[in-house]
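K.L.:
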Amino acid sequence: MTDDQLLTAYRTMCRIRAFELRLNELFLQGLVPGTTHLCIGQEACAVGVNMALTTDDMVFSNHRGHGHLLGRGGDPARMLAEIFGHPNGYSGGRGGSQHMAVKDLNFMGTHGITAGTIPLAVGAALNRKIHRQPGVAVVFFGEGAIGEGIFHESLNMAAIWKLPVLFVCENNQYAMSTSHGDISPVANAAERAAAYAMNSRMVDGNDVVATYATTAEARSGVAAGEGPVFIELQTYRISGHSRGDECPYRSREEEAQWAERDPIARLRKRLEDAGQWTAAADTALETQLAVELAEAEEIARES
Amino acid sequence: MTDDQLLTAYRTMCRIRAFELRLNELFLQGLVPGTTHLCIGQEACAVGVNMALTTDDMVFSNHRGHGHLLGRGGDPARMLAEIFGHPNGYSGGRGGSQHMAVKDLNFMGTHGITAGTIPLAVGAALNRKIHRQPGVAVVFFGEGAIGEGIFHESLNMAAIWKLPVLFVCENNQYAMSTSHGDISPVANAAERAAAYAMNSRMVDGNDVVATYATTAEARSGVAAGEGPVFIELQTYRISGHSRGDECPYRSREEEAQWAERDPIARLRKRLEDAGQWTAAADTALETQLAVELAEAEEIARES
Amino acid sequence: MSTTRQISMSAAIREALTTLLREHEEVFLIGEDIGVYGGAFKITRGIVDEFGPERIIDTPISEAGIVSVAAGAALMGSRPIIEIMFMDFMALAFDGIINIAAKWQATYGDEFATPLIIRAPAGGGRNYGPTHSQSFEGLLLNVPNLTICCPSNPADAAGLLLGAYDAATTVIMVEHKTLYARQGPVAERLEPVPIGQGARLRSGSDISLIAYGRHVPAALQAAEILAAEDVQADVIDLRTVKPLDASLILDSLSNTGRGISIEESPVIGGVGAEISAVVMESAFEYLEAPFARLGAAEQIIPCSPALEPACFPSVDSIVVKARELISY
Amino acid sequence: MSTTRQISMSAAIREALTTLLREHEEVFLIGEDIGVYGGAFKITRGIVDEFGPERIIDTPISEAGIVSVAAGAALMGSRPIIEIMFMDFMALAFDGIINIAAKWQATYGDEFATPLIIRAPAGGGRNYGPTHSQSFEGLLLNVPNLTICCPSNPADAAGLLLGAYDAATTVIMVEHKTLYARQGPVAERLEPVPIGQGARLRSGSDISLIAYGRHVPAALQAAEILAAEDVQADVIDLRTVKPLDASLILDSLSNTGRGISIEESPVIGGVGAEISAVVMESAFEYLEAPFARLGAAEQIIPCSPALEPACFPSVDSIVVKARELISY
Ligand SMILES: Cc1ncc(C[n+]2csc(CCOP(=O)(O)OP(=O)(O)O)c2C)c(N)n1
Ligand SMILES: Cc1ncc(C[n+]2csc(CCOP(=O)(O)OP(=O)(O)O)c2C)c(N)n1
Ligand SMILES: [Mg+2]
Ligand SMILES: [Mg+2]
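Residue numbers (my numbering), protein chains in the order written: chain P, 1 to 303; chain V, 1001 to 1303; chain B, 2001 to 2328; chain G, 3001 to 3328.
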């Protein structure tokens, strides 16, 4: 990543974090209908992957998709409008947090059915292959989605047909309350790829640089027709699963350990160490994001 | 296998072959309703596995299940009655070839939905584990069944819960017209086990001795609580997939090559070489089986 | 009748599950995040503490596998009670329900029963959007050998679970998520509710309001409003939608000659269609107006609080439809 | 009208598929063993020779994946035509149908259409037993945004495929397997049949016989028998069961005052229930007898030739029911 890219990554990650934190506040105030899933702690995944993609690429998301969409350039005002259920939301208020898509961005949808978008990405890639069009399909899913049969059917088809798909598994250690170790016979999600003779990578998903680099490298092979790649991003959901989750299923020590690996703090330190960033810049950014967000909220509310 | 076991295996394999050949004739004469799937060429799988099991074990089958049931001790008369759709059939004529089960034999069912019995075997094993009862669950399925999501969900659960299940994949190279190579990114079905950190074995499924030995060895580990095992039996469906299949999807050369590995001919040769069997004995067996079968047919017809 | 207490539907279901677990060692619970987490709706909260993870089984996210694995255990004598986190996800398990659970015993014979209770939080009203708000009882009605229960109150929710255990067949328990917090009287000692029996909650001779689940309270409210207009409604709580209590429906319609079904499924091909057809077949001579149907709109269920309510029947829409039929 | 020729329903479907493949490069076929093997019912036989394996895609045995992968391709502009080998196996793909294909466009907006045609050989009569004889149109009727066609003859089978292409939505094409070999007149140049329009195949003012698929020929035969008894039947071929051609049904019933629905799905919660409810709502004043339903029995479909026929409507059962209504 260039210096500029690093700064962009940092700003986008902070924008995502600010968005999610504000959403949480709104939630606690009872201003958000339905439910929503925050990606606090996983910002480097969303940003690192998205920055390595082109506009031709088709991005499929899941239930925890705010970061994916913001990372792809989504408009916070229209996202908030959607979450509020307002007509100007990306899905006219019909979908809410779990169901937004933006054609202009080739952002093909967050979705409420676990693993449901994995086959869609494979199909999108099939379309590209048949019509020899550019672009790869990218699908974000959690390690919990691996439990679904459709995960297997999808990876199998992508592999035998050598389709241009990047399977991006954000392994945030838990599926709701269930730890990966309790539902996986293999230690790492990436080991699943062996059953499909699929290339795989394991990356520190809290390191935006590594995430970006791995995605960019994998993407170029995928785009060149070398077949799909499975990327496991190891990360942690700092927030609860959804509203009102006090996380009784994990220890405070574990949370503390992962807090030390907070992707935003790490990147900031890196930037500061490299002289690219200062505390003052951070304060300024914080203010700027707050203003931006307040504006977005205002627009969303009135829409 | 002891000498006696070898002879038993040979007789059972011949009984299965005779049953299937006769069924094919009846079919061609238009005397069999619906459809049916013959296991000609796969007799060593059915017999080798079944002989390694105990009466406590629960056997689940699939659409190509005549051999599995005969190998478990099924009554040809009641099987034929079922295939004819007669009231004395194992399922009262309701199920036909693809749907028969025999409680006394712990034979839990042939079934018409590809891969459908795999989770049932896992559930049966779960029941045994919860109630600390003896016996393992054994499920026969074709390599084509691996395409189904439920295959993945089932193996995953069996692995994480260390359930007593033997997954027996009869890789007869084709799923209907589709060759294994066209629908599998890995060369051998057994490689799928890696995704579940599951022990696996690859065996010549046309060698009844090897099939028996591997199954017996695997079964003892499974019964001892060491977790499930995946066994791939490499074999070949000599018959067509079902009625009227002229096998345009495979070459006559390939068929000829596999014919040389006919499990029955191979076992006969082995017995003859060891002085355990003669041409005269074979003729006598043939006659005996024909008589048996004619009787069964008679009973089935009148039932 | 024994003395009662007021408890929520959640608490009643939890108590019924606990009772079944205590009384029958063959019973186990299986589903996603039902142990420590207590399920998305906290119905099983605390149960794992008493019975341990061997009988309160947390699974991977594998709805198809959960149902079919449970069916395999049932085949060997277990009595699994499944929780599907949202009924919408049951679509992933329809093969196991339709081609296995509803067929094994009927095909292979009585020694091959696969008794299952499949609980599922269902329906709209919580702004959860298109994939977290559906209720599939209308769709599943067309599957032979399936039993479908849709309780409207705590006592029935618990009682139907006990009744489903006794019935020892495949029972889908449709629990409307907006009812979980509702309080109601429940007998000190839970009493089974027999499968297939509806209940008349209010007698009236002018119009039949035939509802289930969350629309039962709505029908009762509508009945109050109508009573003020001198229209006496006969309010039937179906409790079980398959098999339907056809004799109770006939009994009601033969008195009123007018009726409305009120359901959570989409109207087209839903529960009301079956009720209407049954009324057509059995109560034709008594009809003074065409039997009417209210149910979910023919569309996705939107998330927006501004849009969602219009998708479902309401006290208002029941009253309006009733007036229409009365003045027919 | 152009000149016609007699061809089988198989041949007509094959021709429609070929036409769509030739005219629209976005079209591809996807399914199990549809290439060299030509599918279990040989409908696609030979097609791969013209279009190659890139557009006639043989898949692993993965019904759920087939539907959802095709939906993903459709989302990007493809127009996939899926074959599910037996409709029974569609249960494995209901999540993709219900939660994806029927919802994506409605949820995300018109830019996110996922037009799919899903063909499935369906129904009984071939002694294939419980897992190879079902017909799910009655069940799928309850899914909003789905279109369901059930052709009864070669021209409609081909025409509805073209109509489904034009409609560009999610269309389930229920092809009764006993009809494949049936011959019928088909125009030299295939003509689209618009979705949602039934056809009156015979006019009569005494009783309406409302059927689809394989029961249309049966209804016509029953009409002949009834005519000999001086009962004139109005025979309606629904062609599309969702959306129903309600105005044609009303038109028929308003003339006859009596009617029977004849379907392949189980009666409870099936297509006939919806028809009966529609008749109730729109033709109540015209009814001289309660509208009646015939359909599959409430049980598994047995394999035995001695048992299977009793599960389904027949010319006989239609005639008996018609006489009953006439003398009502
Ligand atoms: C088919 C289906 N089953 C269950 C759920 C409920 N659910 C929503 S998110 C979730 C956990 C998903 O875990 P993972 O895939 O690891 O993603 P994460 O939430 O950790 O980002 C579950 C079980 C669902 N939405 N869809
Ligand atoms: C769910 C489902 N999909 C498709 C079929 C149709 N079908 C029957 S057997 C078969 C091939 C199965 O292949 P394999 O598992 O290798 O077993 P084999 O026939 O070779 O013994 C297929 C596709 C089915 N019965 N069930
Ligand atoms: Mg996770
Ligand atoms: Mg095979």
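The C-beta atom is built at its ideal place from N, Cα and C for all residues, glycine as well.
Assuming the contact rule is C-beta atoms closer than 8 Å, S303 (chain P) and P33 (chain P) should be a hit. Round their C-beta distance to whole Å, please.
P.N.:
As a first step, residue 303 (chain P) must be located in the first sequence, where it is residue number 303. As a first step, residue 33 (chain P) must be located in the first sequence, where it is residue number 33. Not really, about 15 Å apart at Cβ, beyond 8 Å.
K.L.:
Determine, for R1192 (chain V), whether the minimum Cβ-Cβ distance to residues of chain P falls below 8 Å.
P.N.:
Along the second sequence, one-based indexing puts residue 1192 (chain V) at 192. Yes, contact with chain P.
K.L.:
Please classify P3060 (chain G): does DSSP put it in a helix, a strand, or coil?
P.N.:
Within the fourth sequence, the letter at position 60 stands for residue 3060 (chain G). The answer is coil: DSSP assigns P3060 (chain G) none of H, G, I, E or B.
K.L.:
When the cut-off is 8 Å and only beta carbons count, does E1255 (chain V) lie next to chain G?
P.N.:
Position 255 of the second sequence holds residue 1255 (chain V). Answer no: the Cβ-Cβ gap between E1255 (chain V) and chain G never drops below 8 Å.
K.L.:
Taking only beta-carbon atoms, is N2145 (chain B) less than 8 Å away from chain V?
P.N.:
As a first step, residue 2145 (chain B) must be located in the third sequence, where it is residue number 145. Not an interface residue.
K.L.:
According to the neighbour-count rule (16 or more other Cβ atoms, all chains shown, within 10 Å of its Cβ), is D1104 (chain V) buried or exposed?
P.N.:
Stepping through the second sequence from its first residue, residue 1104 (chain V) is reached at position 104. By the 10 Å Cβ count, D1104 (chain V) comes out exposed.
K.L.:
According to a CB-to-CB cut-off of less than 8 Å, which residues of the stretch 1163 to 1181 of chain V neighbour chain G?
P.N.:
A1175, M1176, S1177 and T1178
K.L.:
G2270 (chain B) and N3153 (chain G): beta carbons closer than 8 Å?
P.N.:
Start at 1 with the first residue of the third sequence, and residue 2270 (chain B) comes out as number 270. Start at 1 with the first residue of the fourth sequence, and residue 3153 (chain G) comes out as number 153. No, the Cβ-Cβ distance between G2270 (chain B) and N3153 (chain G) is not below 8 Å.
K.L.:
Taking only beta-carbon atoms, is G2272 (chain B) less than 8 Å away from chain G?
P.N.:
Walking along the third sequence from the start, residue 2272 (chain B) turns up at place 272. At least one chain G Cβ lies under 8 Å of G2272 (chain B).
K.L.:
Expressed to the nearest angstrom, what Euclidean distance is found between the alpha-carbon atoms of L21 (chain P) and L80 (chain P)?
P.N.:
For the purposes of this step, residue 21 (chain P) is taken as residue 21 along the first sequence, with counting starting at 1. For the purposes of this step, residue 80 (chain P) is taken as residue 80 along the first sequence, with counting starting at 1. Their backbone Cα atoms lie some 13 Å apart in a straight line.
K.L.:
Taking contact to mean at least 3 C-beta pairs separated by less than 8 Å, is the stretch 3096 to 3107 of chain G in contact with the stretch 1066 to 1073 of chain V?
P.N.:
no
K.L.:
Under a criterion of Cβ closer than 7 Å to any non-hydrogen atom of ligand 3, which residues qualify, in chain order?
P.N.:
P:G142, P:E143, P:G144, P:E170, P:N171, P:N172, P:Q173, P:Y174, P:A175 and P:R237
K.L.:
What residues of chain P sit near P2130 (chain B), judged by a beta carbon separation below 8 Å?
P.N.:
In the third sequence, residue 2130 (chain B) corresponds to position 130, counting from 1. Simply R94, G95, H99 and G112.
K.L.:
Go to C2150 (chain B), then tell me how far its beta strand (DSSP E) extends in each direction, as first and last residue.
P.N.:
The sequence position of residue 2150 (chain B) within the third sequence is 150, counting from 1. No beta strand (DSSP E) holds C2150 (chain B); DSSP gives it neither H nor E.
K.L.:
How would you call R3189 (chain G), buried or exposed, if buried means at least 16 neighbouring beta carbons within 10 angstroms?
P.N.:
Translated into positions along the fourth sequence, residue 3189 (chain G) becomes position 189. Exposed: under 16 other Cβ atoms inside 10 Å.
K.L.:
Is the Cβ-Cβ distance between T1117 (chain V) and V1138 (chain V) less than 8 Å?
P.N.:
Taking the first residue of the second sequence as position 1, residue 1117 (chain V) is located at position 117. Taking the first residue of the second sequence as position 1, residue 1138 (chain V) is located at position 138. Taking 8 Å as the Cβ cut-off, T1117 (chain V) and V1138 (chain V) do not qualify as a contacting pair.
K.L.:
Decide yes or no for the touch test of the stretch 1217 to 1234 of chain V against the stretch 271 to 290 of chain P: beta carbon pairs closer than 8 Å, at least 3 of them.
P.N.:
Proximity of the stretch 1217 to 1234 of chain V to the stretch 271 to 290 of chain P falls short of the contact definition, fewer than three beta-carbon pairs being nearer than 8 Å.
K.L.:
Taking 7 Å as the cut-off, is the beta-carbon of I1118 (chain V) closer than that to any non-hydrogen atom of ligand 2?
P.N.:
The count along the second sequence starts at 1 and reaches residue 1118 (chain V) at position 118. False, no ligand heavy atom lies under 7 Å from that Cβ.
K.L.:
So, for L289 (chain P): in the same chain, excluding its five sequence neighbours on each side, which residues have a beta-carbon less than 7 Å away from its beta-carbon?
P.N.:
The sequence position of residue 289 (chain P) within the first sequence is 289, counting from 1. Excluding residues within five positions, the ones whose Cβ falls inside 7 Å are C14, R15 and A18.
K.L.:
If you reduce the DSSP assignment to three classes, tell me which class A190 (chain P) lands in.
P.N.:
Indexing the first sequence from 1 puts residue 190 (chain P) at position 190. Correct three-state label for A190 (chain P): helix.
K.L.:
Three-state secondary structure (DSSP) at Y174 (chain P)?
P.N.:
As a first step, residue 174 (chain P) is located in the first sequence; it is residue number 174 there, counting from the start. DSSP places Y174 (chain P) in strand when its eight states are reduced to three.
K.L.:
Is any non-hydrogen atom of ligand 1 found closer than 7 Å to the C-beta of I2061 (chain B), if you look at the structure I gave you?
P.N.:
Here the question's residue 2061 (chain B) lines up with position 61 in the third sequence. Within the cutoff, so yes.
K.L.:
Between T114 (chain P) and ligand 1, is there a pair consisting of the residue's CB and a ligand heavy atom that are separated by less than 7 Å?
P.N.:
Position 114 of the first sequence, counted from the first residue, corresponds to residue 114 (chain P). Checking the Cβ of T114 (chain P) against ligand 1 gives yes.
K.L.:
With 8 Å as the C-beta to C-beta threshold (strictly closer), list the residues of the stretch 1209 to 1241 of chain V near chain P in chain order.
P.N.:
none
K.L.:
Would M1058 (chain V) count as contacting chain B if we go by Cβ distances under 8 Å?
P.N.:
Start at 1 with the first residue of the second sequence, and residue 1058 (chain V) comes out as number 58. So yes, M1058 (chain V) belongs to the interface.
K.L.:
Note down the Cα distance separating R2200 (chain B) from S3327 (chain G), rounded to an integer number of angstroms.
P.N.:
Translated into positions along the third sequence, residue 2200 (chain B) becomes position 200. Translated into positions along the fourth sequence, residue 3327 (chain G) becomes position 327. Between R2200 (chain B) and S3327 (chain G), the C-alpha separation is close to 35 Å.
K.L.:
Since F2112 (chain B) meets chain V, which of its residues come closer than 8 Å, beta carbon to beta carbon?
P.N.:
Counting from 1 along the third sequence, the entry for residue 2112 (chain B) is found at position 112. The contacting residues are A1101, K1103, M1108 and G1109.
K.L.:
Cα-Cα, which of B:I2262, B:R2022, B:E2023 and B:G2196 is closest to V2320 (chain B)?
P.N.:
Counting from one through the third sequence, the residue named residue 2320 (chain B) turns up at place 320. The shortest CA-to-CA distance from V2320 (chain B) to any of B:I2262, B:R2022, B:E2023 and B:G2196 is the one to B:I2262.
K.L.:
Anything in chain P within Cβ reach of A3153 (chain G), meaning under 8 Å, just list it in chain order.
P.N.:
Translated into positions along the fourth sequence, residue 3153 (chain G) becomes position 153. Reading the sequence as shown, one finds Asn at residue 3153 (chain G) and not Ala. Ordered by position in chain P, no residue passes the 8 Å Cβ test against N3153 (chain G), which lies about 33 Å from the chain.
K.L.:
Measuring alpha carbon to alpha carbon, tell me which residue in G:D3251, G:L3287 and G:C3311 is nearest P3345 (chain G).
P.N.:
Within the shown structure, residues of chain G are numbered from 3001 to 3328, placing residue 3345 (chain G) beyond reach of any answer.
K.L.:
Chain P partners of I1183 (chain V), CB-CB under 8 Å?
P.N.:
Here residue 1183 (chain V) is taken as the residue at index 183 of the second sequence, counted from 1. Going along chain P in sequence order, the residues near I1183 (chain V) (Cβ under 8 Å) are N156 and I160.
K.L.:
Counting only C-beta atoms, is M3280 (chain G) closer than 8 Å to chain B at any point?
P.N.:
Taking the first residue of the fourth sequence as position 1, residue 3280 (chain G) is located at position 280. By this cut-off, M3280 (chain G) is an interface position.
K.L.:
Could you pull the DSSP bridge partners for V3174 (chain G) from this structure?
P.N.:
Numbered from 1 along the fourth sequence, position 174 holds the residue referred to as residue 3174 (chain G). According to DSSP, which records beta bridges pairwise, V3174 (chain G) is partnered with G:A3120.
K.L.:
Cβ of E295 (chain P) within 7 Å of any heavy atom in ligand 5?
P.N.:
In the structure shown, ligand 5 is absent; the only ligands present are ligand 1, ligand 2, ligand 3 and ligand 4.
K.L.:
Mind reading off the beta-carbon distance from G2272 (chain B) to G2295 (chain B)? Whole number of angstroms is fine, and I expect it under 8 Å.
P.N.:
Start at 1 with the first residue of the third sequence, and residue 2272 (chain B) comes out as number 272. Start at 1 with the first residue of the third sequence, and residue 2295 (chain B) comes out as number 295. The pair is a contact, with the Cβ atoms about 5 Å apart (cut-off 8 Å).
K.L.:
Show which residues of chain V have a CB atom less than 7 Å away from the CB atom of Y3037 (chain G).
P.N.:
Counting from 1 along the fourth sequence, the entry for residue 3037 (chain G) is found at position 37. Ordered by position in chain V, the residues that pass the 7 Å Cβ test against Y3037 (chain G) are M1176, S1177 and Y1249.
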